[in-house]
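Since the structure comes first, as structure tokens, the remarks are kept for the end.
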Ligand SMILES: CC(C)(COP(=O)(O)OP(=O)(O)OC[C@H]1O[C@@H](n2cnc3c(N)ncnc32)[C@H](O)[C@@H]1O)[C@@H](O)C(=O)NCCC(=O)NCCS
Ligand SMILES: Nc1ncnc2c1ncn2[C@@H]1O[C@H](COP(=O)(O)OP(=O)(O)OP(=O)(O)O)[C@@H](O)[C@H]1O
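Numbering (our numbering), first residue to last: 3 to 398.
Next comes the structure, spelled out in structure tokens:
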């Protein structure tokens with residue numbers, strides 16, 4: 003099972019995407035729909051709303067007069083918070099019930115208008131945001147849905163900004179074209195990414211990233227932050243640190259387009275205990291990788307005899323290659339990963355040198371990842387010594 007969080011500002015067009023996903027077999031959990039169910043006539047939810055906002059939010063038949071409540075609730079922040087504090091726990095509880103009932107193998111599509119506002123992004127395997135410029139949204143809401151313009155704008159003001167949405171979006175679906183274009187993009191996403199992602203999570207299959215060097219992409223930092231937030235949500239207090247490491251964490255450096263993340267734990271037994279939750283969360287374990295090569299000083303031949311053990315996980319998402327290295331706090335491998343990144347960030351000449359080493363290794367590797375890694379290893383050995391000197395200098 004994978005959980006897909008679907009969101010977007012009011013009027014962005016989530017419904018089109020949700021419909022496409024459901025037509026293709028998605029298990030739909032619709033927060034707006036649940037928000038209506040929990041305030042139906044006779045529910046404790048409706049009674050709480052009346053107590054909070056007065057009985058003039060009721061229509062003649064005793065049901066909720068939605069525009070009347072909207073007029074009161076979106077008037078100011080305090081009123082909206084009051085509304086949220088009544089409805090959101092009820093929506094949350096019902097969501098949990100529906101999630102528990104999702105069949106094995108489901109792609110669960112959770113349609114949540116306030117996903118970003120509620121900091122819920124890390125709890126999904128993938129976050130899909132539908133985006134359209136604010137003015138076009140207001141135009142569609144007023145002209146096509148008959149919503150008063152001040153109501154539309156009041157809700158937009160009460161919601162996250164597009165910048166905040168972009169920061170958590172694994173996928174951004176633009177809806178400034180036709181609904182048919184949006185539906186086609188959603189269908190492709192479903193077929194090419196969501197269905198294989200779910201199958202890979204179930205079979206615990208890693209999708210390796212390409213063995214190719216690409217120009218530095220400023221989007222890697224945010225992609226790394228999203229993966230780190232997701233890993234924190236999975237491993238919780240079992241980790242003492244989670245860091246974006248490797249070349250994608252170094253601005254300006256060519257890299258394999260795979261995000262490397264280090265999860266620091268107290269011991270490898272803790273790492274082993276996390277294997278299943280990580281796999282369920284979209285990061286299956288790679289068998290057979292139990293440690294890094296101990297670094298040897300090429301000048302003296304002396305090897306760092308610390309514990310170089312680690313556990314290694316990849317990504318089941320065909321659209322986002324990730325390496326997750328679980329290393330032990332204070333071990334030389336854990337320290338080296340962070341220092342290496344910081345050294346490269348700090349030293350443009352080292353960065354250039356490493357870029358050259360990678361290009362040579364790529365040619366030598368002839369498409370074989372193990373040969374690529376091995377070809378870089380001698381350079382790492384001598385870099386290890388230089389980094390130790392750099393660290394001493396930095397810390398003195
Ligand atoms: C105030 C209510 C009765 C107005 O009903 P109405 O039929 O006009 O709107 P509807 O429920 O269809 O929501 C439409 C859109 O308004 C926006 N919206 C709704 N509630 C909120 C809120 N509390 N804060 C910000 N935006 C909101 C969302 O974009 C949503 O998709 C209703 O929105 C409500 O009960 N809201 C509280 C529950 C809630 O937060 N729902 C959103 C996700 S759980
Ligand atoms: N590409 C499009 N071109 C023109 N109109 C569109 C397009 N996509 C959606 N609409 C219309 O814009 C309005 C808002 O879209 P929709 O109801 O799907 O948004 P939503 O994101 O589900 O909104 P809400 O947050 O209210 O649930 C609707 O009237 C819809 O028919």
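Just so it is clear, CB atoms sit at the ideal spot from N, CA and C, and this is done for glycine as well. Just so we're clear, the structure is a prediction, and the values are computed from it rather than from any experiment.
Within the DSSP bridge table, the entry for residue 266 names 243, 329 as partners. Under a 10 Å Cβ-count criterion, residue 98 is classified as exposed, with fewer than 16 other Cβ atoms of the shown protein chains found around its own Cβ.
Bridge pairing for residue 199: absent [DSSP]. For the set 198, 297, 295, 266, the Cα lying nearest the Cα of residue 3 is the one of 198. Residue side-chain check: residue 11 places its Cβ nearer than 8 Å to a non-hydrogen atom of ligand 1. Distances from the CA of residue 226 to each of 29, 349, 294, 260 were compared; the closest alpha carbon is that of 260. Here the alpha carbon of residue 340 sits roughly 32 Å from the alpha carbon of residue 195. 9 Å or more divides the Cβ of residue 35 from the Cβ of residue 55. Per DSSP, residue 133 is one residue of the beta strand (DSSP E) stretching across 128–133. Taken from the Cβ of residue 42, every heavy atom of ligand 1 lies 8 Å or farther away. The beta carbon of residue 164 sits no closer than 8 Å to any heavy atom of ligand 2. For residue 314, the enclosing beta strand (DSSP E) stretches over residues 313–315. In the DSSP assignment, residue 191 is bridged to no other residue. For residue 173, the uninterrupted beta strand (DSSP E) segment begins and ends at 173–176. Excluding five sequence positions before and after residue 320, the CB atoms of its chain that fall closer than 8 Å to its own CB belong to 194, 195, 198, 199, 202, 209, given in chain order.
Here the alpha carbons of residue 115 and residue 43 stand approximately 23 Å from one another. The beta-bridge partner set that DSSP reports for residue 112 consists of 7, 31. For residue 18, the CB falls within less than 8 Å of some heavy atom of ligand 2.
Residue 167 has its alpha-carbon roughly 27 Å from the corresponding atom of residue 239.
Closer than 8 Å to some heavy atom of ligand 2: that describes the Cβ of residue 15.
In its chain, beyond the 5 residues on either side, 343, 346, 347, 353 have a beta carbon closer than 7 Å to the beta carbon of residue 252. Remark: the C-beta of residue 117 is outside contact range of ligand 2, defined as less than 8 Å to any heavy atom.
With distances taken between CA atoms, residue 142 lies nearest to 178 out of 305, 93, 178, 323.
Within a 10 Å sphere around the beta-carbon of residue 295 sit fewer than 16 other beta-carbons, which makes this residue exposed.
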